[in-house]
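Student:
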Amino acid sequence: MLRLPQLKDLTANLPIRPAKIPKKVYIPLSQHIGKPCEPIVKVGDTVKAGQLIATLSEKTIFAPVHSSISGRVTAIDEFPHPLLGASRAIAIESDTADEKKEFKRLSQTDIDKLDSQNIRRIIADAGIVGMGGAGFPSSVKLSPPKPVDTFILNGAECEPYLTGDSRLMVEKTEEIILGLFLAARCVGAKNIYAAIEDNKPQAIEAFKDILGQRQIKIVVLKSQYPQGGEKQLIKSVLKKEVPSGKLPFDIGVVVHNVATVYAIYEAVYLGKPLYERALTVTGDCLKHPQNLLVRLGTTIKDLMDECGPLKKEPQRVVLGGPMMGVAQYSLMAPVVKSTNGIIFLSEGEIEKAENAFCIRCSRCVESCPLGLLPCMIALAVEKGRWDLAKAYGVLECMECGACNYVCPQRRNIVEVVRQAKEKLHR
6 MLRLPQLKDL TANLPIRPAK IPKKVYIPLS QHIGKPCEPI VKVGDTVKAG
56 QLIATLSEKT IFAPVHSSIS GRVTAIDEFP HPLLGASRAI AIESDTADEK
106 KEFKRLSQTD IDKLDSQNIR RIIADAGIVG MGGAGFPSSV KLSPPKPVDT
156 FILNGAECEP YLTGDSRLMV EKTEEIILGL FLAARCVGAK NIYAAIEDNK
206 PQAIEAFKDI LGQRQIKIVV LKSQYPQGGE KQLIKSVLKK EVPSGKLPFD
256 IGVVVHNVAT VYAIYEAVYL GKPLYERALT VTGDCLKHPQ NLLVRLGTTI
306 KDLMDECGPL KKEPQRVVLG GPMMGVAQYS LMAPVVKSTN GIIFLSEGEI
356 EKAENAFCIR CSRCVESCPL GLLPCMIALA VEKGRWDLAK AYGVLECMEC
406 GACNYVCPQR RNIVEVVRQA KEKLHR
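So, in structure tokens, the structure goes:
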């Protein structure tokens, strides 16, 4: 693994504050791994914050979508999407009232009576997905096909710049722990770990202060990248490896991100669906970088204006961290459930990749956390040898970007990997 410049100082000590309610939101029907939802509202309808606006009736992998503001539906059409380029979305114009749907809160007594099936149903109805970047529906992940004995809370947040999860751990410690117990209860895990990197001393102390004698073990990890990857985290915490081609549940483990577990708490205890999330808006272009609680569907432009004025003209805007995030072509792309940060990078922070020749230095091989051969994968793809790319493990690549980072030729291997995956999945 790599030790990267942290670049978290801009927001590390800034508390999460609510972002301004946007005048208009664009809520994509696809914010998850799985089939896009279908609208259950139409143009002209009025909606409240937290109201269900899109779902599916068929039994498949998906996560329902809720309105993030109150107002009127003005369009259901193709709009910019931060990951897909463009997709169908529901445009809602705010009425400025921010009227919320009535949420059903549960007492601790009622929650203690819930079985795992009921907890998963609440999580599914709330539209919760993996909020660390993957976007896999949480209710499905909490229904492993094999017995699970260990649950790991992923508090690594190993990407540079991002501090939203860190602030959640400091400010919402008790709530995260309650959500952690609920998630562990779903899978029947007896062993519970909270894994936090050592560059988050406030979060570590907050957990130690609250946990006391509770049956959760805090594991303090070295700050390394990509520590937050599931397989890397399991190896660091349990000293176990997930076999090639297998998933964590194959060795009896489930991992959930901090923000996801907090959303589970809100859904079960407060009856609140996932329509807003904490994220970091940062970069040396902004005068006021911040950690914000943002309504889903808020555009990059709105958040740029809120954290501005601009000190420099951004040369690149990235949703997510600088290593695994996706560069944006439009400032009208909205925040979705898996958006954990927006970074406005100036020209001085960008090192442009060139299509140079591989010099066989093997640095990418040494840095790959999964033990793959990134240089050979890239060469196979460039020659159109999809069979060889697959044999070299291209489908197992987590696209962490470590190979790009260490390559002296600055070859964009991750982009080649993504091309290969798209070709092989057709």
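For this note's numbering, count along the sequence shown from 1 and bump the result up by 5. Beta carbons are placed, not taken as given, at the ideal position from N, Cα and C, and that holds for glycine.
On the criterion of 16 or more Cβ atoms from any shown chain inside 10 Å, does Thr65 qualify as buried, or is it exposed?
Tutor: exposed
Student: To which residues of the same chain is Met337 closer than 8 Å at the C-beta, ignoring the five residues directly before and after it?
Tutor: Tyr31, Phe84, Pro85, Thr304, Ile305, Lys306
Student: Using C-beta distances below 8 Å, list every residue in its chain close to Leu315, excluding the 5 sequence neighbours before and after it, in chain order.
Tutor: Cys290, Leu291, Lys292, Met309, Phe349
Student: In whole angstroms, give me the CA-to-CA distance for Ala80 and Ser72.
Tutor: 13 Å
Student: Assuming Leu167 and Thr285 form a contact by the criterion Cβ under 8 Å, report the distance between their Cβ atoms to the nearest whole angstrom.
Tutor: 5 Å
Student: Please check the pair Ser343 and Gly138, which I expect to be a contact at CB under 8 Å, by giving their CB distance rounded to whole angstroms.
Tutor: That pair is a contact at about 5 Å.
Student: Please state whether the Cβ-Cβ distance between Leu147 and Ala102 is less than 9 Å.
Tutor: no
Student: Roughly how many angstroms separate the alpha carbons of Ala268 and Ala54, rounded to a whole number?
Tutor: Each residue's alpha carbon lies about 16 Å from the other.
Student: Taking Cβ positions, are Ala402 and Leu377 nearer each other than 9 Å?
Tutor: The residue asked about is misnamed: residue 402 is Cys in this sequence, not Ala. Their beta carbons are under 9 Å apart, which means Cys402 touches Leu377 by this criterion.
Student: Got a sec? Which residues, its chain only, sit under 7 Å from Val386 by beta carbon, not counting five neighbours each side?
Tutor: Ala394, Val421, Gln424, Ala425
Student: Would you check if the distance between the CB atom of Leu297 and the CB atom of Arg110 is smaller than 9 Å?
Tutor: No, these two residues do not count as a Cβ contact at 9 Å.
Student: With a cut-off of 8 Å on the beta carbons, I'd call Asn159 and His37 a contact; round off their distance for me.
Tutor: 18 Å between Cβ atoms; not a contact.
Student: Terminal residues of the continuous beta strand (DSSP E) containing Tyr31?
Tutor: 29-33
Student: Please classify Val323 as buried or exposed, where buried requires at least 16 other C-beta atoms within 10 Å of its C-beta.
Tutor: buried
Student: Could you check the C-alpha separation between Phe254 and Ala59 for me, to the nearest Å?
Tutor: 30 Å
Student: Between which two residues does the beta strand (DSSP E) harbouring Thr287 extend?
Tutor: 281-287
Student: Can you say whether Ala94 is buried or exposed, counting buried as having 16 or more other CB atoms within 10 angstroms of its CB?
Tutor: buried
Student: What is the rounded straight-line gap between the Cα of Pro339 and the Cα of Phe67?
Tutor: C-alpha separation (whole angstroms): 19 Å.
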